[in-house]
Amino acid sequence: MTDGNYHLKIIAGQGNRLYLRDLWKYRELFLFLAWRDILVRYKQTIIGIAWSVIRPLLTMIVFTIVFGKLAKLPSEGTVPYVLLVFAGMLPWQFFSNTIGDGGNSLINNEHLVSKVYFPRIIIPSTCMMVSLIDLLISGVLLILLMGWYRWLPGWQIALLPAFVLLAAVIALGVTYWLAALNVKYRDFKYVVPFILQFGLYISPVGFSSGIVPEKWRMLYALNPMVGVIDGFRWTLFGQSSVFFLPEILLAAGIATVLLLSGFWVFRRMEREFADFI
348 MTDGNYHLKI IAGQGNRLYL RDLWKYRELF LFLAWRDILV RYKQTIIGIA WSVIRPLLTM
408 IVFTIVFGKL AKLPSEGTVP YVLLVFAGML PWQFFSNTIG DGGNSLINNE HLVSKVYFPR
468 IIIPSTCMMV SLIDLLISGV LLILLMGWYR WLPGWQIALL PAFVLLAAVI ALGVTYWLAA
528 LNVKYRDFKY VVPFILQFGL YISPVGFSSG IVPEKWRMLY ALNPMVGVID GFRWTLFGQS
588 SVFFLPEILL AAGIATVLLL SGFWVFRRME REFADFI
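Mapping the sequence shown onto our numbering, position 163 (from 1) lands on 510, and the numbers just tick up by one.
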């Protein structure tokens with residue numbers, strides 16, 4: 348169809364391609380919303396950035412006492428139990444913060460969703476940036492702890508960003524599912540905290556996955572965060588840590604399925620967001 352100097356082409360099956368183009372077009376909006384979330388997170392808090400350190404630190408202390416001292420679960424090789432727990436806590440914190448904030452992000456930004464057009468998937472995606480800042484801040488404390496225990500990582504540390512990326516893909520996939528479902532079914536906001544609390548205890552955060560019997564390892568690895576946490580520890584502790592390649596590959600496969608399916612579900616439900624909000 349033509350109208351003067353304007354040409355409009357309607358091509359079937361090009362919706363997702365155009366959507367991806369819009370995501371790039373609205374990249375500045377993504378950065379703006381991410382920066383807004385960061386400011387809101389730290390500007391009006393009593394302890395501010397310190398909360399990013401206090402929360403994993405307190406969790407580390409509790410888990411070290413419960414699993415390391417009372418239950419007397421083994422560490423990995425010569426790795427101090429404190430480092431084992433804190434190294435497991437960081438990727439889990441990144442994952443849980445992204446989902447916890449992203450799952451309710453559309454509801455919390457209903458004024459944007461109902462009035463202005465832009466790819467709505469930008470909103471839950473920005474929550475990952477705040478979680479990344481928390482991860483970097485907590486990572487400084489991990490460096491200090493490793494210095495205190497005189498633990499020097501090996502060449503595996505170069506692969507650390509790959510496991511952070513894997514955690515991000517898993518978190519975004521789950522976030523897209525929950526954010527979309529939460530718009531239509533508001534009781535999902537009560538389900539998210541339960542999922543995260545349950546996931547914390549079935550993931551090897553406070554203990555080593557090496558205690559899981561060999562015959563159950565692949566079944567246990569269906570929780571993709573098992574591969575992420577084990578991989579994260581391996582990059583820090585090298586041969587002293589548990590490294591099971593099949594669970595890493597399984598985590599990568601599940602992450603891909605979660606991201607693609609989450610994107611598909613979000614796109615299918617996005618056109619109805621304004622009606623339900």
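Positions of the beta carbon are idealized from the N, C-alpha and C atoms, including for glycine.
**Message:** To the nearest angstrom, how far is the alpha carbon of I468 from that of S422?
**Reply:** 40 Å
**Prompt:** In whole angstroms, what separates the C-alpha of V516 from that of A381?
**Reply:** 17 Å
**Message:** Looking at the secondary structure, which residues open and close the alpha helix (DSSP H) in which A381 lies?
**Reply:** 374-390
**Message:** Spatial neighbours of K356 within its chain, please: C-beta separation below 7 Å, excluding the five flanking residues on both sides.
**Reply:** Bear in mind that the predicted position of K356 carries a pLDDT of just 48, short of 50, making it too unreliable to give a figure here.
**Prompt:** If P471 and Y389 are in contact, beta carbons under 8 Å, what's the gap, nearest whole angstrom?
**Reply:** Not really, about 20 Å apart at Cβ, beyond 8 Å.
**Asked** Which residues in the same chain have their Cβ closer than 7 Å to the Cβ of L430, if we skip the five residues on either side of it in sequence?
**Response** L492, M493, Y496, W498
**Message:** Please list the terminal residues of the continuous alpha helix (DSSP H) segment that includes I558.
**Reply:** Neither: I558 is in no alpha helix (DSSP H) and is coded neither H nor E.
**Asked** Per DSSP, what kind of secondary structure is S422 in: helix, strand or coil?
**Response** coil
**Prompt:** So, is A514 buried or exposed, given that buried needs 16 or more other C-beta atoms within 10 angstroms?
**Reply:** buried
**Asked** Under 8 Å between the Cβ atoms of S587 and T425?
**Response** yes
**Neighbour-count burial assignment, L365, 16 or more Cβ in a 10 Å radius** = exposed
**Prompt:** For F541, is the classification buried or exposed, using 16 other Cβ atoms within 10 angstroms of its Cβ as the cut-off for buried?
**Reply:** exposed
**Request:** Could you tell me whether any non-hydrogen atom of the ligand MN is closer than 7 Å to the CB of I454?
**Result:** For the ligand MN, the structure offers nothing, since it holds no ligand at all.
**Item:** Distance between beta carbons of A526 and G447, contact taken as under 8 Å
**Value:** Rounded, the Cβ-Cβ distance is 11 Å, inconsistent with contact.
**Request:** Over the uninterrupted alpha helix (DSSP H) stretch that includes R467, give me the two end residues.
**Result:** That residue, R467, is in no alpha helix (DSSP H); it is neither H nor E in DSSP.
**Prompt:** For M407 versus M436, is the C-beta spacing smaller than 8 Å?
**Reply:** yes
**Message:** What does the Cβ neighbour count give for F545, buried or exposed, with the cut at 16 atoms within 10 Å?
**Reply:** exposed
**L583 versus L506, Y464, L370, residue with shortest Cα-Cα distance** = L506
**Item:** Straight-line Cα distance separating S452 from I358
**Value:** Below a pLDDT of 50, predicted positions are generally treated as unreliable, and I358, at 47, falls in that range; the measurement from the model is reported next regardless. Their Cα atoms are separated by approximately 32 Å.
**Message:** Output needed for R614: all residues of its chain with C-beta closer than 6 Å, excluding positions within five of it in sequence on either side, in chain order.
**Reply:** none
**Message:** For L606, which residues in the same chain have their Cβ closer than 7 Å to its Cβ, ignoring the five residues on either side in sequence?
**Reply:** V516, L519, G520
**Backbone CA spacing between A599 and V409 [nearest angstrom]** = 30 Å
**Asked** From this set, G557, G578, N455, which residue's C-alpha is nearest P508's C-alpha?
**Response** G578
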